[in-house]
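Positions 1 to 190 (my numbering) are the ones given, in order, by the sequence shown.
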Amino acid sequence: MEPITLASDRLLLRPFTGGDTDAIHAACQDPDIQRWTVVPSPYSRADAEFFAKKLCPGGWHDDSMYNFAVVLRESGALTGALGINRRNLPNTYEVGFWTAEEHRGRGYTTEAVLTAARWTFTALGGDRLEWRAEVGNLPSRAVALRAGFRMEGEQRSGLLNKGVRRDSWIGALLPSDLGLPGAHAYLPAP
């Protein structure tokens, strides 16, 4: 798929470029990003270059993951990163994100998640968007809840982060949660 840019009221979700390397590197020095996400720790400039110049373009090229730089429309400042990844089940995707420390608490990530969810359901034909986070990552859970994800439970050993299996929360958002049609009929349990 060719990389695209999505827009919301305050944000642009655009493909990462090599020009984002310094901002990515700076944001990923945050101990919370290193603790709760799968970014390397310590996080080097080479890690940021690999992410921006190789991993992100590669995901778009092979249709496996679509990573977006979440930037302010007015200033272009990087507020965070958001990725939509294909899952093994057809029409199922997973969202992941991090928010730069200085941009937390303003609703940017919730806005970005909802923008990306609408795109996933309409452009990609998604029927289910999953969210996972390690048990205890309350800020990530708060974003998912504000975006309308329904919590579905806890998975033992559900995530692998830096060589350690960890328990995870899981939630899902469906097209109908946003008033959109799905690609397939859905018959909920009675």
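Backbone N, C-alpha and C fix where the C-beta goes; we use that ideal spot for every residue, glycine too.
Check: Determine the contact status of Val-39 and Cys-28, defining contact as a CB-CB distance below 8 Å.; Outcome: yes
Check: Under three-state DSSP, which class holds Arg-132?; Outcome: strand
Check: Answer yes if the segment 91-99 comes into contact with the segment 150-159, meaning at least three C-beta pairs across the two stretches below 8 Å, and no otherwise.; Outcome: no
Check: Starting from Phe-121 and walking both ways along the alpha helix (DSSP H), at which residues does that stretch end?; Outcome: 108-122
Check: Could you pull the start and end residues of the alpha helix (DSSP H) that Glu-74 belongs to?; Outcome: No alpha helix (DSSP H) contains Glu-74, which DSSP labels as neither H nor E.
Check: Take every Cβ of the segment 104-124, pair it with every Cβ of the segment 63-79, and state whether three or more of those distances are shorter than 8 Å.; Outcome: yes
Check: Taking C-beta to C-beta, are Phe-121 and Leu-187 nearer than 8 Å?; Outcome: no
Check: Taking the alpha carbon of Gly-163 as the point to measure from, which residue in Thr-109, Ser-41, Leu-173, Asp-62 has its own alpha carbon closest?; Outcome: Ser-41
Check: For Gly-80, tell me which candidate among Leu-72, Trp-98, Leu-12 has the shortest Cα-Cα distance.; Outcome: Trp-98
Check: State the beta-bridge partners of Leu-12 as determined by DSSP.; Outcome: Ala-7, Val-71
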